[in-house]
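Quick look at the structure:
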C-alpha cells in the first residue's frame, strides 16, 4: 500500500524541517525546554512520517533496520562511556568532568538568571545527543519492525 | 439504568476535575525543601542553565540510564517478536 | 480566559477518552487517541510543563497513532461484538 503522490511529496519536503527542529531541541536541551528524549521523539516522528507515506519496499531500501538499531546502540554506548569517563578521571559515576574545563562545552556558566550560552554545561549536551540518537533509533525501528511483520503477511 | 449510572459517573468526574482546577492557582506548586535546594545550588553544582536537564542528566543520571535501558530492551523484544523466520521454522505458539 | 481554555481542554479530554472506550471502529478509536494525546499535551503546556508537553505531542500524538494504525492494518478494522 502506498499513499498518493501529494502525500509523498509533502512528506519529503517536511522531513528536513522536522529534522532541523528535532536537532535544535536536542542541542539546546541544556538551555531551553526539551532535551534528548523529546528531540529524539520529534525526529522519530519525522522518520515515521516518511515510513508511513511511502511503501515498505521503497522505504526499506533508503532506511535500513540495521542503521537505525546501530544508531540506537551507538547512543546507549556513548551515554555509558561518557558516564564511566567521569569515574575513570577520579570523580564519581556521572560526574560532570567537562564543565568549566575550557574544552568543548567548557565555558563557565553565569549564575542567576541569564540568556544562556550554548557552549556551557560540560557533559550534559553530549548526554543529550547520546539519548537523542538512541531514542530516535529505537522509536523509528519499532515502527519499521511492525511494518515489516505486516508486509511479510501480504496485507 | 446503565446509561444513567454512566452519565452520573461522568458528571461526577467532570465536576470533580473542574472543582479541582478552579480551586488551585497556576504557577504556585506546593512547597518542598528539595525544590529549593535544586533551584539554589543546581547551577553551580552542575554547570548547566536549564534546571530540568540538570536534574535529569546529573542529579538523577541513574534514572536516565535506566530509562535508556528500558527503551533498548523494548526494541529488543519487538525485534524478537517480528524477526524474519526461516523457511522450515515451525510456529509453536500454543 | 485561561480558565475557560482549561475547562474546554478538560471536557475535550473526557469526550475523546469516552469515545475511545465506546467506539467499535478501531481506526476511529486510534484517531481519537491521537486527539486525546494532543489535548493532553495542551493541558501539560497550560500547567507549565513544556518538557512533558513536547514528549507527549511527539510520542502520543505522532508515534503511538502510527503504531496503532499499523497494528490495525494487520488485523481487522471492526471490534467483535461479544455476548
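Residue numbers (our numbering), protein chains in the order written: chain A, 774 to 928; chain B, 25 to 118; chain C, 2 to 84.
Cβ atoms here follow ideal geometry from the backbone N, Cα and C, with glycine treated the same way.
Given the structure is predicted, the values throughout are model-derived calculations rather than measurements.
Residues that residue i contacts on chain A, provided the C-beta gap is smaller than 7 Å
i: residue 92(B); result: 849, 852, 904, 907
i: residue 63(C); result: 818, 821
i: residue 71(B); result: 869, 872, 873, 882, 893, 894, 895
i: residue 31(C); result: Within 7 Å Cβ-Cβ: nothing; residue 31(C) doesn't reach chain A, min ~13 Å.
i: residue 82(B); result: 867, 869, 897
Under 7 Å by beta carbon: chain B residues contacting residue i
i: residue 8(C); result: 42
i: residue 860(A); result: Within chain B, no residue comes near residue 860(A); the closest Cβ sits about 12 Å away, beyond 7 Å.
Residues of its chain near residue i, where Cβ-Cβ distance is below 6 Å and the 5 sequence neighbours each way are ignored
i: residue 81(C); result: none
i: residue 898(A); result: 803, 878
i: residue 24(C); result: 30
i: residue 795(A); result: 812, 815, 816
i: residue 866(A); result: 856, 860
i: residue 912(A); result: 817
Whole-angstrom distance between residue j and residue i, CA atom to CA atom
i: residue 810(A); j: residue 25(B); result: 47 Å
i: residue 852(A); j: residue 46(B); result: 43 Å
i: residue 894(A); j: residue 814(A); result: 23 Å
i: residue 806(A); j: residue 28(B); result: 44 Å
i: residue 883(A); j: residue 821(A); result: 39 Å
i: residue 787(A); j: residue 819(A); result: 8 Å
i: residue 60(B); j: residue 64(C); result: 36 Å
i: residue 909(A); j: residue 841(A); result: 8 Å
i: residue 797(A); j: residue 812(A); result: 8 Å
i: residue 38(B); j: residue 55(B); result: 28 Å
i: residue 71(C); j: residue 832(A); result: 15 Å
i: residue 87(B); j: residue 778(A); result: 44 Å
i: residue 57(B); j: residue 64(B); result: 11 Å
i: residue 928(A); j: residue 74(C); result: A caution first: residue 928(A) carries a pLDDT of 46, below 50, which makes its placement in the model unreliable, though a value can still be read off. Spanning the two alpha carbons is a distance of roughly 7 Å.
i: residue 38(C); j: residue 55(C); result: 11 Å
i: residue 91(B); j: residue 70(B); result: 21 Å
i: residue 20(C); j: residue 784(A); result: 29 Å
i: residue 108(B); j: residue 100(B); result: 14 Å
i: residue 43(B); j: residue 34(B); result: 14 Å
i: residue 30(B); j: residue 17(C); result: 15 Å
Helix, strand or coil at residue i [DSSP, three-state]
i: residue 890(A); result: coil
Per-residue contacts from residue i into chain A (C-beta, under 8 Å)
i: residue 59(C); result: 811, 814, 815, 817, 818
i: residue 68(C); result: 915, 916, 919
i: residue 27(B); result: Going along chain A, no residue has its Cβ under 8 Å from residue 27(B), so there is no contact; the nearest lies around 37 Å.
Neighbour flag for residue i against chain D, beta carbons, 7 Å
i: residue 100(B); result: Note that chain D does not occur in the displayed structure, where the protein chains are A, B and C.
Contacting residues, own chain, Cβ-Cβ under 8 Å from residue i (five flanking each side not counted)
i: residue 963(A); result: In this structure chain A extends from 774 to 928, so residue 963(A) is not present and cannot be described.
i: residue 47(C); result: 3, 6, 7, 10
i: residue 951(A); result: This structure leaves residue 951(A) out entirely; chain A is present only between 774 and 928.
i: residue 28(C); result: 70, 73, 78
i: residue 32(C); result: 66
Interface residues of chain B facing residue i [CB-CB closer than 9 Å]
i: residue 11(C); result: 38, 41, 42, 45
i: residue 15(C); result: 34, 37, 38, 41
i: residue 4(C); result: 45, 46
i: residue 863(A); result: Going along chain B, no residue has its Cβ under 9 Å from residue 863(A), so there is no contact; the nearest lies around 17 Å.
i: residue 876(A); result: Ordered by position in chain B, no residue passes the 9 Å Cβ test against residue 876(A), which lies about 13 Å from the chain.
Within chain C, the residues that residue i reaches when beta carbons sit closer than 7 Å
i: residue 807(A); result: 52, 55
i: residue 76(B); result: 52
i: residue 825(A); result: 67
Amino acids of chain A, ordered along the chain, whose beta-carbon sits closer than 9 Å to that of residue i
i: residue 96(B); result: 845, 846, 849, 907, 911
7 Å CB neighbourhood of residue i in its chain, flanking five on each side removed
i: residue 862(A); result: 870
i: residue 781(A); result: 826, 827
i: residue 847(A); result: 906
i: residue 896(A); result: 855, 869, 870, 871
i: residue 858(A); result: 870
Point to revise | Runs of beta strand (DSSP E) lying entirely within the segment 784-861 of chain A, each at least 3 residues, in chain order | key: As far as the segment 784-861 of chain A is concerned, it has no whole beta strand (DSSP E) run of at least 3 residues.
Check your understanding: Which runs of the alpha helix (DSSP H) spanning at least 4 residues fall entirely within the segment 35-111 of chain B, listed in chain order?
Key -> Counting only runs of 4 or more, we get 57-70, 75-78, 85-105.
Exercise for review: Please list the segments of the alpha helix (DSSP H) lying wholly inside the segment 2-69 of chain C, counting only runs of 4 or more residues, in order along the chain.
Suggested key: Entirely contained in the segment 2-69 of chain C, the alpha helix (DSSP H) runs reaching 4 residues are, in chain order, 3-23, 27-47, 51-56.
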